[in-house]
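For reference, the structure discussed in these notes is given below.
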Amino acid sequence: MSDAPIEIGYIQQLEAEVKNLKRLLEINNVLNTILLKPTANIDALLGYLMNAAATLTSSQSASVILWREDLDALVIAATTTDATNLIGRVVPLDSIAGTIFKDQKVVQVDDATTDPRHYEGIDQTNKFVTRSLLGVPLIARDKVIGVLEVINKHTLPWTIEDIRNLSVLAGEAAIAIEVGQLVMALQKANAELAELDNLKNDFIAIASHELRTPLGIIMGYASFLQEEDDESVSEQASKVMESAMQLRRIIDAMINLRYLKQKTESLQREPIPLGAIMDDLKHDTLAVTSSRTHQLEFVMDDVETRIFVDRTRLLMALNNILNNAVTYTPAGNKITITGRLHPETNEALISIQDTGIGIETDQLERIFKEFYQVEDHMVRRYGGLGIGLSIAQAVVHAHHGKIWAESDGLGKGATFFVALPLAESGE
Ligand code: ADP
């Protein structure tokens, strides 16, 4: 080891170096924090970046100039000067910034007033004098996306450290800007999609309501004609009625589409005896099956047990299951509707059991997916939109309940279960 004393100047240089590196690290951390926020704000990012660039290089101001694909031009994206009117201004490609961008090289200018590339348009508009300038290209993933410039160093000349610091900063910044731009583009696309989705939902809601009125009139007249003594007339009217009922099922499903994403907060829940829900369900069942000849059985126990539910929504869910049981069970077959307290889980358990076409084991979960139907829609015999069960599931889940299907397979009928927490535990 050498005994030579370490020069004070060398220690000071090292200390300055460490300080500089610490500052760069700090900048890196801040850039990451800004980017990690779900609402990545590109203006905040650029603002921070330019202040850091100006401080690190002891300069008067800084600017970020970005290449805009849509305009095919270099445009001022941010600047530390107060001149907000500069944002969006196009910078010519034969300017100093343009040269940095095209050549992808650092450019250092000690006296801008004598540099023919200096673009005076900006200085003139803002009574700002650019004396000296240091600029580096912003390169993200091998692609130049713009230029980072610092202007008017307090005490010239520009140093190697200035170039190094600005280059390190530009490397970090380019990636941060690119990510920020991507996030902004995504947010914009998301907002546009949400708007389109709202439009679609409004259209469906209005159109389906409008369809209901004339259909109601058709059904009214058809039922009137069904009573006719002339058998051929009443028979044909029954056919009209059957198709009209099918149409109504589709329209009702369209009206209910908005409940696909049912939220717990939008429910109007109150404690209701299980018996009352079962009575409503019985009433609805009789209305649906009156024109057909299913054998119906109702089993109701523990009718006083109270559940904490939105009566209208829950009935909509149960009716969707019930309509399926009627649709997928041939006339003459039996449908059993049961409501009772589950002895083990202490939940209210409602089940709708049919003796219809049944469901294969591997389909038992899939049928709850939006727009999923077991039968291919090209060869469908039963109609429907494939959303009844997804809506039922959304409503039951919003009640913190469970819904599932069981079946012994094709031709062996199916049973749908809805388990709901009791009022005391749900309130
Ligand atoms: P949709 O009945 O309008 O097609 P759903 O979401 O209500 O839509 O049901 C999805 C699919 O699940 C139905 O297309 C049908 O294939 C099957 N399914 C539902 N309920 C039953 C049932 N009780 N018996 C047999 N299959 C059923």
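Residue numbering for the sequence shown follows the numbering used here, starting at 165 and increasing by one per position. For each residue, glycine too, the CB sits at the ideal point set by N, CA and C.
In the displayed model, residue 217 falls within a helix according to three-state DSSP. The alpha-carbon separation between residue 524 and residue 574 amounts to approximately 6 Å. A residue is called buried when at least 16 other Cβ atoms come within 10 angstroms of its Cβ; residue 326 meets this threshold and is buried. Counting along the chain, no alpha helix (DSSP H) covers residue 308; the unbroken beta strand (DSSP E) around it starts and ends at 307 to 317. If you draw a straight line from the Cα of residue 418 to the Cα of residue 249, it is about 50 Å long. In this structure, the ligand ADP has no non-hydrogen atom nearer than 8 Å to the beta-carbon of residue 423. In the DSSP assignment, residue 566 falls within the beta strand (DSSP E) that extends over 566 to 571.
Classified as buried, residue 560 has 16 or more neighbouring CB atoms from the shown chains inside 10 Å of its CB. In this structure, residue 448 has its beta carbon at no less than 8 Å from each heavy atom of the ligand ADP.
Residue 445 sits away from residue 555, with the two beta carbons spaced by 9 Å or more. For residue 552, the closest alpha carbon among the candidates 207, 226, 580 is that of 580.
Of all alpha-carbon atoms in 316, 285, 303, 304, the one lying nearest the alpha-carbon of residue 272 is that of 316. Burial check for residue 174: the Cβ neighbour count within 10 Å stays below 16, so the residue is exposed. Proximity of the region 456 to 475 to the region 388 to 399 falls short of the contact definition, fewer than three beta-carbon pairs being nearer than 8 Å.
The three-state secondary structure of residue 238, taken from DSSP, is strand. Excluding five sequence positions before and after residue 321, the CB atoms of its chain that fall closer than 8 Å to its own CB belong to 274, given in chain order.
Taken atom to atom, the span from the alpha-carbon of residue 362 to that of residue 428 is near 20 Å. Counting the other CB atoms within 10 Å of its CB gives residue 585 a total of 16 or more, which places it among the buried residues. Between residue 300 and residue 270, the C-beta gap is smaller than 9 Å, which places the two residues in contact. Contact annotation: the region 395 to 414 does not touch the region 435 to 445, with fewer than three C-beta pairs closer than 8 Å.
Ranked by how close their Cα comes to the Cα of residue 212, the residues 312, 295, 370, 280 have 312 in first place. Residue 503 places its beta carbon 9 Å or farther from that of residue 578.
In the structure shown, residue 211 adopts helical secondary structure according to DSSP, grouped into three states. Excluding residues up to 5 positions away in sequence, 527 lie with their Cβ nearer than 6 Å to the Cβ of residue 538 in the same chain.
Beta bridge pairing from DSSP links residue 231 with 238.
The ligand ADP has a heavy atom closer than 8 Å to the beta-carbon of residue 527.
For residue 452, the enclosing alpha helix (DSSP H) has its first and last residue at 438 to 453.
If you check the C-beta of residue 523 against the ligand ADP, you find a heavy atom less than 8 Å away. The Cβ atoms of residue 500 and residue 462 sit closer than 9 Å to each other. For the set 472, 296, 231, the Cα lying nearest the Cα of residue 307 is the one of 231. Cβ atoms of residue 227 and residue 242 come within 8 Å of each other, at about 7 Å. In this structure, the beta-carbon distance from residue 310 to residue 341 falls below 9 Å. Apart from sequence neighbours up to five positions away, the residues of its chain that approach residue 302 with a beta-carbon distance below 8 Å are 228, 230, 308, 309, 310, 311, 312, 334, 337, 338, 341, ordered along the chain. Short note on residue 501: C-beta not closer than 8 Å to any heavy atom of the ligand ADP.
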